[in-house]
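Mapped onto mature numbering (1 follows the signal peptide of the UniProt record, and there is no 0), the consecutive letters of the sequence shown carry residue numbers -19 to -1, 1 to 363. Heads up, the beta-carbon is just placed ideally off N, CA and C, and yes, glycines get one too. Here's the structure, in structure tokens; my notes come after.
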Amino acid sequence: MMKLSVLLLLALQALHTESALFLDPSLGEKVPNITANGSRNQSRPTPLEIETKLDRYSSANIDRTNLEWQFFNRSVPKEAVSIYNRYVGRTDYVCQFWCNAGFYSPGVDPYCHYSHKGKEFNSFLWPFEILVNKDSFELLEWKDGSYGSVSPHSVKTCSNEVYVGKNDYGLGKVDVVDQAFYLPWEGSEYWYRYYQVLTISKDIYSENLSEVKYNTLGVKPIAYPPETMRRSAVSNYQCQTVKATATISKMNQVEHRWDTSYSITVGVEASITARIPEIYSATIGFSEETTHEFTKGTTYIESTTHTVSVECEVPPNYSCGVSMVGYKYGAVIPFTARLNRTYNIGETKSMSISGTYEGVQMTEVRVVVDPCEPVPDPTPCP
């Protein structure tokens, strides 16, 4: 697999070098004379030099987002990324073929159109990928670029040097090496120094998990060994038995963690609105629904103070020890939820996620009276 990746990288670098030699001056910064279905008869099938190097690379999400390249399967996915091409009056979808960004238009033909070495080609019989924004969750923006520049978080193809771009005439690719935007159309490769590049907005204000639904079917609490939390002692230096009350308190921190199928954005305000599992020796209950700020990642740390009191009879010149013993129970519970993301412009996006809740809780505390022992230096009694 590594050998194939290296060969692909070397082939791409060679194609970049060759591509820069094909900046036809007659096609630079020109208004293409095109029609809505003009590419049907003008584009060429994928050339043999590319066919012989093709390897079916894996679809993957982009920069840990909900944006993903998916292999096209005869129908356009619901959340496929598109533009309305006003120049020809049709909808074009973002596609890539062998790391070349281009366009797919159902009204033209069933292929991805891209450019290479001054010409327009189509994917023909080879599979191509189409860009999908799953659940329409990511906020996408077109930002201005020039001479190969791209904004942070720009959407790239399987090549680190080729990005999704467009101009007034349609979709194509931005090649940072060639410092140009390439537009495939009517058999030719038009090129421009000024363009727009597709970017993923990171101007996020907050994220919140809500509508959390746990599935406790088959989940059994895990018991941990008892833990002595605190010790105390009651001493009696008198010559008669006394009754004394021992009170012990101890603060305990509990970590609640919701591991999710989608990463919470680092550096933004993040919270959860949910019932929190309460894990006991044989059952799992839930608190009332509340909202809590995540302490780190998708973790909420809760502080609880346990207090126990016990009355004991202490014989003369004896000391009786008292211990607070805690019993911990843990569980791993699957859940589904909605992830709500609010941007600084006020727009909110939402998507379904799944994950597992994991926590270990001190839900049971007992007091243990240890055997009484004689005190040192006892009081003389008659």
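Query raised in the report: For the beta strand (DSSP E) that V89 lies in, which residues bound it at each end?
Result: Here the question's residue 89 lines up with position 108 in the sequence shown. First-last for V89: undefined, no H or E at that position.
Query raised in the report: Using a Cβ-Cβ cut-off of 6 Å (strictly less than) and excluding sequence neighbours within five positions of residue 365, which residues of its own chain qualify?
Result: One cannot answer for residue 365 here, as it falls past the ends of the chain, which runs -19 to 363.
**Report entry** Where K201 sits in the DSSP three-state scheme
**Finding:** One-based indexing of the sequence shown puts residue 201 at position 220. K201 falls in the coil class under three-state DSSP.
Query - For A255 and E192, the rounded distance between their alpha carbons - result: Numbered from 1 along the sequence shown, position 211 holds the residue referred to as residue 192. Numbered from 1 along the sequence shown, position 274 holds the residue referred to as residue 255. Going by the C-alpha atoms only, they are around 7 Å apart.
Requested in this report: Pick out whichever of I64, K59, D44 and L120 has its Cα sitting closest to the Cα of D184.
Outcome: Counting from 1 along the sequence shown, the entry for residue 184 is found at position 203. Nearest C-alpha to D184: L120.
Requested in this report: Name, in chain order, the residues that DSSP records as bridge partners for P315.
Outcome: Counting from one through the sequence shown, the residue named residue 315 turns up at place 334. Looking at the DSSP assignment, P315 forms a beta bridge with T337.
Query raised in the report: Of all the options T27, N47 and R25, which has the alpha carbon lying nearest to the alpha carbon of S331?
Result: Indexing the sequence shown from 1 puts residue 331 at position 350. For the residues T27, N47 and R25, the minimum Cα distance to S331 belongs to N47.
Query raised in the report: Counting Cβ pairs, one atom from each stretch, are 3 or more of them under 8 Å apart for the stretch 122 to 140 and the stretch 339 to 352?
Result: No, they do not touch.
Requested in this report: Assign K309 to one of three DSSP states: helix, strand, or coil.
Outcome: For the purposes of this step, residue 309 is taken as the residue at position 328 of the sequence shown. DSSP places K309 in the strand class (E or B) of the three-state scheme.
Query - Whole-angstrom distance between Y310 and S290, CA atom to CA atom - result: If you number the sequence shown from 1, residue 290 lands on position 309. If you number the sequence shown from 1, residue 310 lands on position 329. S290 and Y310: Cα-Cα distance of roughly 23 Å.
Query raised in the report: What are the boundary residues of the beta strand (DSSP E) that A214 is part of?
Result: In the sequence shown, residue 214 corresponds to position 233, counting from 1. Where A214 is concerned, the enclosing beta strand (DSSP E) stretches over E208 to N217.
Query raised in the report: Can you list, in chain order, the residues of its chain whose CB lies under 7 Å from that of D240, leaving out five sequence neighbours each side?
Result: As a position in the sequence shown, residue 240 is number 259, starting the count at 1. Only T279, G336, T337 and E339 meet the Cβ criterion.
Requested in this report: Could you check which residue in V178, Y163, T180 and L179 has the C-alpha nearest to that of W172?
Outcome: Within the sequence shown, the letter at position 191 stands for residue 172. W172 has its Cα closest to that of Y163, out of V178, Y163, T180 and L179.
Query raised in the report: Taking only runs of the beta strand (DSSP E) that begin and end inside the stretch 247 to 331, which ones reach a length of at least 3 residues, in chain order?
Result: Secondary structure in the stretch 247 to 331: the beta strand (DSSP E) runs of 3 residues or longer, each lying completely within the stretch, are 250 to 255, 258 to 260, 265 to 267, 271 to 274, 280 to 295 and 299 to 324 in chain order.
Query raised in the report: In angstroms, rounded to a whole number, what distance separates the CA positions of C80 and Y68?
Result: Residue mapping note: residue 80 aligns to position 99 of the sequence shown, counting from 1. Residue mapping note: residue 68 aligns to position 87 of the sequence shown, counting from 1. Rounded to the nearest whole angstrom, the C-alpha separation of C80 and Y68 is 25 Å.
Query raised in the report: Roughly how many angstroms lie between the CA atoms of E110 and S140, to the nearest whole one?
Result: Counted from its first residue, the sequence shown places residue 110 at position 129. Counted from its first residue, the sequence shown places residue 140 at position 159. Take the alpha-carbon of E110 and the one of S140: they are about 14 Å apart.
Report task. Please state whether DSSP places S169 in a helix, a strand or coil. Result -> On the sequence shown, position 188 is the one that residue 169 refers to. S169 sits in a strand when the DSSP states are folded into three classes.
Query raised in the report: Relative to the alpha-carbon of Y128, which residue among Y299, N66, R45 and Y176 has its alpha-carbon at the smallest distance?
Result: The sequence position of residue 128 within the sequence shown is 147, counting from 1. It is Y176 whose Cα lies nearest to the Cα of Y128.
Report task. Within its chain, find whatever has a CB closer than 8 Å to the CB of Q160; leave out the 5 residues flanking it on each side and keep chain order. Result -> As a first step, residue 160 must be located in the sequence shown, where it is residue number 179. The residues are Y128, G129 and R174.
Report task. Take E259 as the anchor and find which of T138, P202 and V247 has the nearest alpha-carbon. Result -> Locating residue 259 in the sequence shown gives position 278, counting from the first residue. Selected option, being the one with the closest Cα: P202.
Report task. With distances taken Cα to Cα, identify the nearest neighbour of V247 among S230, Y261, L198 and K277. Result -> Along the sequence shown, one-based indexing puts residue 247 at 266. With distances taken between CA atoms, V247 lies nearest to K277 out of S230, Y261, L198 and K277.
Query raised in the report: What whole-angstrom Cβ distance do E170 and K115 have, given they're in contact under 8 Å?
Result: As a working note, residue 170 is residue 189 in the sequence shown. As a working note, residue 115 is residue 134 in the sequence shown. No, E170 and K115 are not in contact; Cβ-Cβ is about 31 Å, not under 8 Å.
Query raised in the report: With DSSP run on the structure shown, which of helix, strand or coil describes V350?
Result: Numbered from 1 along the sequence shown, position 369 holds the residue referred to as residue 350. Here DSSP, grouped into helix, strand and coil, assigns V350 to strand.
**Report entry** contact_flag[the stretch 350 to 361, the stretch 259 to 274] where n(CB pairs < 8 Å) is 3 or more
**Finding:** No, the stretch 350 to 361 is not in contact with the stretch 259 to 274.
**Report entry** Coil, strand or helix - Y24 by DSSP
**Finding:** Start at 1 with the first residue of the sequence shown, and residue 24 comes out as number 43. Note on identity: in this sequence residue 24 is Ser, with Tyr being the wrong assignment. Here S24 sits in coil by DSSP.
**Report entry** Between the CA atoms of C301 and D358 - distance to the nearest angstrom
**Finding:** For the purposes of this step, residue 358 is taken as residue 377 along the sequence shown, with counting starting at 1. For the purposes of this step, residue 301 is taken as residue 320 along the sequence shown, with counting starting at 1. In this structure, the CA atom of D358 is about 16 Å from the CA atom of C301.
Query - Segment limits, beta strand (DSSP E) that includes A61 - result: In the sequence shown, residue 61 corresponds to position 80, counting from 1. Counting along the chain, no beta strand (DSSP E) covers A61, and no H or E run does either.
Requested in this report: Figure out for me which residue from N233, R25 and L106 has the closest Cα to the Cα of N54.
Outcome: In the sequence shown, residue 54 corresponds to position 73, counting from 1. If you compare the alpha carbons of N233, R25 and L106 with that of N54, the shortest gap goes to L106.
Query - Presumed contact (8 Å Cβ cut-off) between T286 and S230, rounded CB distance - result: Indexing the sequence shown from 1 puts residue 286 at position 305. Indexing the sequence shown from 1 puts residue 230 at position 249. Indeed, because the Cβ distance is near 6 Å, the residues count as touching under 8 Å.
Query raised in the report: For K183, which three-state DSSP category applies?
Result: Position 202 of the sequence shown holds residue 183. In the structure shown, K183 sits in coil (DSSP, three-state: anything other than H, G, I, E or B).
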